[in-house]
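Below is one structure, written out as structure tokens; comments come after it.
Quick look at the structure:
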């Protein structure tokens, strides 16, 4: 569904990604793991259009999307849940969800999508008129995911969804990923929490210092010695 | 470094010449350039550290009106009146500055507060029209040639005073540059919280630079008053004056020592040039150009003309040193 | 009660309507999307001159001149954003103040060049209504009504529509608005156009009551910034109320002492309020 071929990108003179190639097949969940500063977030931002490509190509559903700006990418069906949630702090939960449905095709279905998100996250429904900045970490993550879902995406990008959350919340978040997948959504997750993410994805890539070092099914990676030693502490 | 000294020497030389040879008209221009250069330099002491004030008209107004009123009503010599005016300006500066710095009113919010301050001074002067003459202005009681009254019909005396002030302003700038205050304030304008975390007394440095800036601006206003022998609230305190100061400092370049003076040179020459070329036909032509220049400057040359010059000279120095290596 | 005091209060209320109308557009630009147009009042001045030129100069019907002024100023707002604000949007906000300060210079002096410094009036005399012994200007009543409608309409727009929500969001996190499918530039442009249109609307109503001259912006410019801050930046209803508080201070102050001192009081109040800032500004 999504395919990156030799994608390079950076910030000014600083290069963060070096000829990254990866595939996200339709209906699957794919993970990207790697240490801090590896370029995982940059990868997400390149896909969602916040950071421009300096090399390589990117196609989604067969269509080239490498030079589209962020707001166009959303229209194509890719939604990005940013690192650190990035909710609009002084807007209510409902307003945050509302703005998630900004694109025309989502506006038409706003009411039904809102109901679906509230069904998925009953806690959000309770707090719908609360300012997003006052929510707890876990609630914010739910809101951020809900906001991304409001645009009716075909591919959901999640950047470190477990960051800063208590272990109980982390379990809930990955529970959620299961449920979203069950609904037929394709997911690309970037995560530091290797154990959890390998349990929920079909395949994964290891990104280190801006390059893909390894790729394979999650079973393969779980059995890989290097991964086990360096990233799972085994 | 040599380039800067050469520039300074050149400007200095240009300024020694006039009293010996120049006409009254040219002297008038040079005095204006020196005095405004002094005021713009004083303003830039705050502006270069991110404390952009739109209220320096307030300091000029206070600095000008206090000695003038004391002289007119009580015969108090400006030698006393001017320091009093300066002190009052400093008080105002601290009264506004302290809460602002304390409560983190910064950036454009700070600018708006200072704007309100200059409006308050302007309106107060206008309101007290029985004393100050309001918008009709105030003329100091003439005393002919008098050291006591600080009045000199001969322009050369004011030339010397203006020159002394201008040089004094540059010296103050240099002192701030050398002092620990400069490093503090630059650190602060980068990241205020980090600076405070290291234990730097941010508040004290900000207040110090505000005090100096306010005092010198008031002094400039006072000498202007003595020179022109006429004060008007609009011309010293209006929003136009405040914006003019900002404009000249920014276009000239407020990060370089001679930047504000370059701004003064620019604005005065422009004014005179337009006046001579178009007489009264194009009132307002100068400001039209200022406006466009300011916009272009902010977008393309935020460090002003002198900033561009500095960058070019730096580039030349750098490439020279690379060749040596 | 002294009839003149009553009249002062009533006219204060109506002046409040005018100020509220003026503050609407600024509250949207400065209060909601956090862009500083220090020349906002001078944009209004341009609208007044445009009206003067179209109605008195070219002899077009008043309603047409008003419509053109409003539409024209909407376009002007978009231009201000594209040419002046957008290039410096990523730099410190003080630069917006300074760059639009340059615009202020430019507009005031350009107007002087075109029209000279005389006061011009469009010569439309709306009736004065007499209630009891109090005289009320119909023009001010109209301004009041339109300001109220405008404030409510803007409030509903910002709260209930998708684009309004996006406008409210963009000042809180400009960088990820694209992830919502909203084009950053478009949002700023739309807001700038609405702000400009509101300035045009204010210009039309102001022209009915006041003479226009190039420096008229200086008289109410600082005042409407104050009103926005007093009412809480971005708070449309708050701004509406604040306009009345300020106008009452000015009207009653003007009755008891002279006008300048009442302005001094208003400005002092502004400074104090900036120190006491309500939460909305603090979080920026």
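Protein chains in written order, with this note's numbering: chain A, 1 to 234; chain B, 235 to 559; chain C, 560 to 843. Glycine included, each C-beta is placed from N, C-alpha and C at the ideal position. These numbers were taken from a predicted model, which means no experiment stands behind them.
When Cβ-Cβ separations below 8 Å define contact, residue 726 of chain C makes no contact with chain A. DSSP places residue 9 of chain A inside the beta strand (DSSP E), whose first and last residues are 2-11.
Taking the Cα positions, residue 69 of chain A is about 14 Å away from residue 44 of chain A.
For residue 159 of chain A, the enclosing beta strand (DSSP E) covers residues 155-159. Straight-line measurement puts the Cα of residue 794 of chain C at about 20 Å from the Cα of residue 574 of chain C.
Here DSSP, grouped into helix, strand and coil, assigns residue 141 of chain A to helix. Chain A places a beta carbon closer than 8 Å to that of residue 742 of chain C, counting this residue as a contact. Within the stretch 464-546 of chain B, there are no complete beta strand (DSSP E) runs of at least 3 residues. In the three-state DSSP reduction, residue 217 of chain A falls in the strand class (E or B). Non-local C-beta neighbours of residue 118 of chain A in its own chain, meaning closer than 7 Å and more than five positions away in sequence, comprise 124, 125, ordered along the chain. Taking a C-beta distance under 8 Å as the contact criterion, residue 317 of chain B and residue 384 of chain B do not qualify as a contact pair. According to DSSP, residue pairing for residue 186 of chain A in a beta bridge involves A:155. Where residue 127 of chain A is concerned, there is no enclosing alpha helix (DSSP H), because DSSP gives it neither an H nor an E. For residue 20 of chain A, the enclosing beta strand (DSSP E) covers residues 14-24.
For residue 297 of chain B, no Cβ of chain C is located within less than 8 Å of the residue's own Cβ. Unbroken alpha helix (DSSP H) runs of no fewer than 4 residues, entirely contained in the stretch 17-90 of chain A, are found at 40-48, 70-76, following chain order. Residue C:820 holds the alpha-carbon nearest to the alpha-carbon of residue 363 of chain B among C:820, C:826, C:825, C:833.
Inclusion of residue 486 of chain B and residue 533 of chain B in the CB contact set at 8 Å is not warranted, their separation being larger than that value. For the pair residue 406 of chain B and residue 326 of chain B, the Cα-to-Cα distance works out to about 21 Å.
By the criterion of a C-beta distance shorter than 7 Å, residue 403 of chain B is surrounded in its chain by 272, 275, 276, 450, once the five residues flanking it on both sides are discounted. Not flagged as an interface residue toward chain C: residue 287 of chain B, since no C-beta distance is shorter than 8 Å. For residue 74 of chain A, the neighbours in chain C by C-beta distance under 9 Å run, in chain order, 737, 738, 739, 740, 741.
Listed in chain order, the non-local C-beta contacts of residue 211 of chain A below 6 Å within the same chain comprise 18, local neighbours out to five positions each way being set aside.
Beta-bridge partners of residue 204 of chain A (DSSP): A:31, A:216.
Among the residues of the stretch 639-664 of chain C, those with a Cβ less than 9 Å away from any Cβ of chain B are 642, 643, 646, 647, 650, 651, 652, 653, 654, 655, 656, 657, 658, 659, 660, 661, 662, 663, 664, in the order of the chain.
In the DSSP assignment, residue 668 of chain C falls within the alpha helix (DSSP H) that extends over 653-674. Residue 696 of chain C: member of the beta strand (DSSP E) spanning 693-696, first to last residue.
For residue 729 of chain C, the three-state secondary structure derived from DSSP is helix. Burial state of residue 400 of chain B is buried, judged by a 10 Å Cβ sphere holding 16 or more other Cβ atoms. Under the Cβ distance rule, residue 467 of chain B does not count among the residues neighbouring chain C, no pair being separated by less than 8 Å.
Closest by C-alpha distance to residue 777 of chain C, out of C:568, C:721, C:597, is C:597. Residue-level contact by beta carbon holds for residue 820 of chain C and chain B, with a gap shorter than 8 Å. Distance check between residue 725 of chain C and each of A:61, A:98, A:231 places A:98 closest, using alpha-carbon atoms only. Residues of the same chain with a CB within less than 7 Å of the CB of residue 152 of chain A, apart from the 5 flanking positions on each side, are 105, 106, 109, 113 in chain order. Boundaries of the alpha helix (DSSP H) harbouring residue 819 of chain C: 818-835, taken from the DSSP string.
Fully enclosed beta strand (DSSP E) runs of no fewer than 3 residues are not present anywhere in the stretch 268-304 of chain B.
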